[in-house]
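Asks: Questions regarding the structure given below will be posed in turn.
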Amino acid sequence: MSRRDTYPIRIFLTVVAVTFLFSSAPPATAFEDTGKYQPISETEAERTITLTGRDLTYQQVVEIARNGARVELSPEARRRSADAYGLLLQGAAENVTIYWFNRGAGDQRETVIFSGDPTTPENTKLLKDQQLARFKDGVRDGYGPEIREEALVRAIMAIRANTMSYEAASPPLTQILVDMLNKRVTPVVQSRGTLGEGDLNTLGNIGAAMVGEGDAYYRGVRMPASQALAQAGIKPLEPFAADEAALISTNAYAQAQAVLLLEDSRRLLEWTDLVYAMDLLGMNSSVTPISAPVQSMRPYGWLTWNAARIMDMIRGSYLFDEDAARIIQDPESMRASSQRQGSAWQAWADLRDSVSLSINSSDHNPATIPGLTPESSWELSTPQFMKYHVKGGKLSGGKSGYIFSNANWDPYPLANQVEAFTLALTNMGVVIAQRIERFKNPFFTVVKPADVLNAETRKNAPTFGGYLPTDLWQELAEMGTPVTPAGQAIVSTVEDLQAQTRIKTERARKAVDLSFELLAHDLLTASYWMEIRKIQNPSRNFGKAPSEALAALRQVVPWQQSAQDRPKRPIGMVVYDFMQANPASKFYAGGPKPPEGRPLPKAGPQ
């Protein structure tokens, strides 16, 4: 895909915007961006992460994006990119037809842009002027609101720096992307304008900042991009060859969203496990459903792991003591929690593996592959494939190879796995919502709060429940409906598929945040009932992790507090902030080893 392919969409959006502005409705506030910019905190600024194009982890992207870790390209990555760049130039010199270089892109794919050696004075001027104009034009790409999350833009840049090592990018393009990350020049990027199959407009905004067009943030302060580059000591890019294509033909926006989704959802799932353990303690549960013998009867790896993890959290607690008041069986939402949570962990692991592969491989069209010969694979010696063979010469350092049109930008299975994880979250969310409600039924709790707490204690205890958890659940439940697949035949019907990864990843990240908000109310409920069980019998042991989590929560949400001393904001929001500031791993780390991940194939020719 190319930015040219998006012109009809941009025209359509402009028409919509103009119509909206001149309607009889109030001023155009529907698209008004009132959010505040969210700068990063450079807690890892002294650390350098080496990008090889093969082994970047999602955790490393988070360290770069959110914590300001520096990056460097390995010699291998620089060599691979330089070889691809040389092959591109040599291919054109040999009059090989190359999509998006000596030929146009999209519906212009048969249009001749230039012929022969791209380094002749005439072609050099043509390409320099063309590329600079295209980079500058990137400032007009996309549609608001602007991305306010600096970490997200930095994640896009870090991923592209890694995957661009497979593309035919000029050495200056490769270097400026690294320099902007390390000196914290973060372009202003629009949030909309991609169809999810090549985030062209998003990267176009970044490209514009590279040549000094538009605005950027320098160390969190907004200014003209030219000024940001100057203050950072970075010379504006002078693009050449197919640099625009090498930069923007990628799914780095979707991949960056997925990376941040993985990090945030890992924290969510860890808290969900710990809160479930606290729910069991608050309910005075019969924990036979999560015992090893029961789990062995249906040995799904992630489910049995999750049950063992919860069991380890409550090990040594009073739930393993004899209690005549304990009923034989909890509500289904308590008994089946480990199944839903284990399934969410499995979906998370599948997404993690797919993200790991996608951020360490090429998603660019065309594929420029140095080192191949007609003998490398049987099809390469056929007449059809020989049309795209570059014999090699001075521009490629004598190296041969092939340049192929392809569909590597189609972001599957990643797009499916993002939605699969969202669906797993909603199936887990319904359990959380139901657990909260079951504590209101003395059939399961055996006692009512009034049976244990006096009126004064009940009055000063934190409140929970009410309408809000149900409201949150209804909002989360809507996320369980997948985005309808789209196949709008745009750009002369050339681009007839869309993947909607922008919408899918945004929904998934929102689902994580909603799940955290719902879980905050579950934690309130569990902690309330843990206090009741403690008052019933002060000698009861809750286990190390639940006890420490309860004690930490009580620092911000005291068990007894008069109305005038309570925070002047919803208590659920206080608990939400507590969970964000205190990862569950602070209270429970280690435990049973999760199922081994599948080994990932390495990208590129082997």
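Counting along the sequence shown from 1, when you hit position 206 you're at 205 in numbering that gives the first Met the number 0, and nothing is skipped either side. Note that the Cβ used here is the ideal one computed from N, Cα and C, for glycine as well. The structure presented is a predicted model; accordingly, all values stated were derived computationally and were not measured.
Evaluate contact between the segment 385-400 and the segment 417-434, counting only Cβ atoms and requiring at least three cross-stretch pairs below 8 Å.
Replies: Too few Cβ pairs lie closer than 8 Å, so no.
Asks: Identify the residues that DSSP records as bridge partners of R266: which are they?
Replies: Numbered from its first residue, the sequence shown carries residue 266 at position 267. According to DSSP, R266 bridges with nothing at all.
Asks: To the nearest angstrom, how far is the alpha carbon of T271 from that of R147?
Replies: The residue given as residue 271 occupies position 272 in the sequence shown. The residue given as residue 147 occupies position 148 in the sequence shown. About 28 Å.
Asks: Could you tell me whether the Cβ of Q89 comes closer than 8 Å to any Cβ of chain C?
Replies: Going by chain labels, chain C is absent from the structure shown, which holds only one protein chain.
Asks: Assess contact between the segment 310-328 and the segment 355-368, defined as three or more Cβ pairs (one per stretch) separated by less than 8 Å. Is contact present?
Replies: No contact exists between the segment 310-328 and the segment 355-368.
Asks: Whether or not the segment 123-138 and the segment 202-213 are in contact is what I'm after, with contact meaning three or more pairs of Cβ atoms, one per stretch, closer than 8 Å; do they touch?
Replies: With a cut-off of 8 Å, the segment 123-138 and the segment 202-213 count as touching, because enough Cβ pairs lie within range.
Asks: Quick check: what's the CA-CA separation for A588 versus E516?
Replies: Counting from 1 along the sequence shown, the entry for residue 588 is found at position 589. Counting from 1 along the sequence shown, the entry for residue 516 is found at position 517. In a straight line, the C-alpha of A588 is about 23 Å away from that of E516.
Asks: Given F443, which residues of its chain have a CB within under 6 Å of its CB, disregarding the five upstream and five downstream residues?
Replies: Locating residue 443 in the sequence shown gives position 444, counting from the first residue. Hits under 6 Å: P330, R437.
Asks: Checking the sheet assignment: what are the DSSP bridge partners for V111?
Replies: The count along the sequence shown starts at 1 and reaches residue 111 at position 112. Per DSSP, R102.
Asks: For W344, count neighbouring Cβ atoms within 10 angstroms of its own Cβ and tell me buried if that reaches 16, exposed if not.
Replies: Against the sequence shown, residue 344 aligns to sequence position 345. By the 10 Å Cβ count, W344 comes out buried.
Asks: Is the beta carbon of L166 less than 8 Å from the beta carbon of S80?
Replies: The count along the sequence shown starts at 1 and reaches residue 166 at position 167. The count along the sequence shown starts at 1 and reaches residue 80 at position 81. Before going on, a small fix: residue 166 reads as Glu here, not Leu. Yes, they are a contact pair.
Asks: Beta-carbon within less than 8 Å of E71's beta-carbon, same chain only, minus the 5 sequence neighbours each way: which residues are those?
Replies: On the sequence shown, position 72 is the one that residue 71 refers to. Answer for E71: T47, I48, T49, L50, V177, listed in chain order.
Asks: Here's the rule I'm using: 16 or more other beta-carbon atoms within 10 Å means buried, otherwise exposed. How should Q559 be labelled?
Replies: Here residue 559 refers to the residue found at position 560 of the sequence shown. Exposed is the call here.
Asks: Any idea if A550 is buried or exposed, counting beta-carbon neighbours within 10 angstroms, 16 or more meaning buried?
Replies: One-based indexing of the sequence shown puts residue 550 at position 551. By the neighbour-count rule (16 or more Cβ atoms within 10 Å), A550 is not buried but exposed.
Asks: CB G464 to CB A519, shorter than 8 Å?
Replies: On the sequence shown, residue 464 is found 465 positions in, with the first residue counted as 1. On the sequence shown, residue 519 is found 520 positions in, with the first residue counted as 1. No, the pair does not count as a contact, with Cβ atoms beyond the cut-off.
Asks: Can you list, in chain order, the residues of its chain whose CB lies under 8 Å from that of L131, leaving out five sequence neighbours each side?
Replies: Residue mapping note: residue 131 aligns to position 132 of the sequence shown, counting from 1. If we look at L131 and ignore the five residues flanking it on each side, its Cβ neighbours are V210, E237, P238.
Asks: Only counting the same chain, and skipping five residues up and downstream in sequence, which positions put a Cβ closer than 6 Å to that of G486?
Replies: Along the sequence shown, one-based indexing puts residue 486 at 487. Once the five neighbours on either side are set aside, the close Cβ partners of G486 are D495, L496.
Asks: Just mark E121 as buried or exposed, buried being the case when its beta carbon has 16 or more other beta carbons within 10 Å.
Replies: Residue mapping note: residue 121 aligns to position 122 of the sequence shown, counting from 1. Under this definition E121 is an exposed residue.
Asks: Per DSSP, what kind of secondary structure is P591 in: helix, strand or coil?
Replies: Within the sequence shown, residue 591 is the residue found at index 592, counting from 1. Note: P591 maps to coil in three-state DSSP.
Asks: Could you work out which residue in G219, M282, Q37 is closest to I326 when comparing CA atoms only?
Replies: Indexing the sequence shown from 1 puts residue 326 at position 327. The option with the nearest alpha carbon to I326 is M282.
Asks: Indicate the three-state DSSP secondary structure (helix, strand or coil) for L350 in the structure shown.
Replies: Numbered from 1 along the sequence shown, position 351 holds the residue referred to as residue 350. Looking at L350 - three-state DSSP - the assignment turns out to be helix.
Asks: Taking only runs of the alpha helix (DSSP H) that begin and end inside the segment 356-426, which ones reach a length of at least 4 residues, in chain order?
Replies: List check, alpha helix (DSSP H) in window: 382-385.
Asks: Report the rounded CA-to-CA distance for P373 versus L356, giving the unit in angstroms.
Replies: For this step, residue 373 is matched to residue 374 along the sequence shown. For this step, residue 356 is matched to residue 357 along the sequence shown. Each residue's Cα considered, the two are about 27 Å apart.
Asks: Going by C-alpha to C-alpha distance, which of K386, S395, G396 sits closest to F403?
Replies: Within the sequence shown, numbered from 1, the residue matching residue 403 stands at position 404. Of the candidates K386, S395, G396, the one whose C-alpha sits nearest the C-alpha of F403 is K386.
Asks: Flag this pair as yes or no: are the beta carbons of D106 and V490 separated by less than 8 Å?
Replies: As a first step, residue 106 is located in the sequence shown; it is residue number 107 there, counting from the start. As a first step, residue 490 is located in the sequence shown; it is residue number 491 there, counting from the start. Yes, they are a contact pair.
Asks: Looking at A157 and L180, is the spacing between their C-beta atoms short of 8 Å?
Replies: One-based indexing of the sequence shown puts residue 180 at position 181. One-based indexing of the sequence shown puts residue 157 at position 158. Closer than 8 Å, so yes.
Asks: Can you grab the Cα-Cα spacing for the pair A580 / V574, in whole Å?
Replies: Sequence index remark: in the sequence shown, residue 580 carries index 581 (1-based). Sequence index remark: in the sequence shown, residue 574 carries index 575 (1-based). So the two alpha carbons sit approximately 10 Å from each other.
Asks: Does the beta-carbon of E418 have 16 or more other beta-carbons within 10 angstroms, so that it is buried, or is it exposed?
Replies: On the sequence shown, position 419 is the one that residue 418 refers to. Buried, because 16 or more other Cβ atoms sit within 10 Å of the Cβ of E418.
Asks: How would you label E262, buried or exposed, when you count the other beta carbons within 10 angstroms and need 16 or more for buried?
Replies: Along the sequence shown, read from residue 1 onward, the residue named residue 262 stands at position 263. Buried, since its Cβ has 16 or more Cβ neighbours within 10 Å.
Asks: Does the distance from the CB of D198 to the CB of T162 come in under 8 Å?
Replies: Here residue 198 is taken as the residue at index 199 of the sequence shown, counted from 1. Here residue 162 is taken as the residue at index 163 of the sequence shown, counted from 1. No, these two residues do not count as a Cβ contact at 8 Å.
Asks: Alpha carbon to alpha carbon, how far is R108 from T492? Give it in angstroms, no decimals.
Replies: In the sequence shown, counting from the first residue as 1, residue 492 sits at position 493. In the sequence shown, counting from the first residue as 1, residue 108 sits at position 109. For T492 and R108, the distance between alpha carbons rounds to 13 Å.
Asks: Any chance the segment 89-107 sits against the segment 283-301, with 3 or more Cβ pairs inside 8 Å?
Replies: Short answer: they don't touch.
Asks: In chain order, what residues of the same chain lie with their CB nearer than 8 Å to the CB of W347, ignoring the 5 residues before and after it?
Replies: The sequence position of residue 347 within the sequence shown is 348, counting from 1. So the list reads L261, S264, R265, L268, F420, A423, once near-sequence residues are dropped.
Asks: Report the option in Y411, A307, P292 whose CA atom is closest to the CA atom of L350.
Replies: As a working mapping, residue 350 is identified with position 351 in the sequence shown. Ranking Y411, A307, P292 by Cα distance to L350 puts Y411 first.
Asks: Determine whether the beta carbon atoms of F577 and L273 lie at a separation below 8 Å.
Replies: Counting from one through the sequence shown, the residue named residue 577 turns up at place 578. Counting from one through the sequence shown, the residue named residue 273 turns up at place 274. Not a contact, by the Cβ cut-off of 8 Å.
Asks: In the DSSP output, which residue or residues are listed as bridge partners for I48?
Replies: Mapped onto the sequence shown, residue 48 falls at position 49. I48 pairs with V70.
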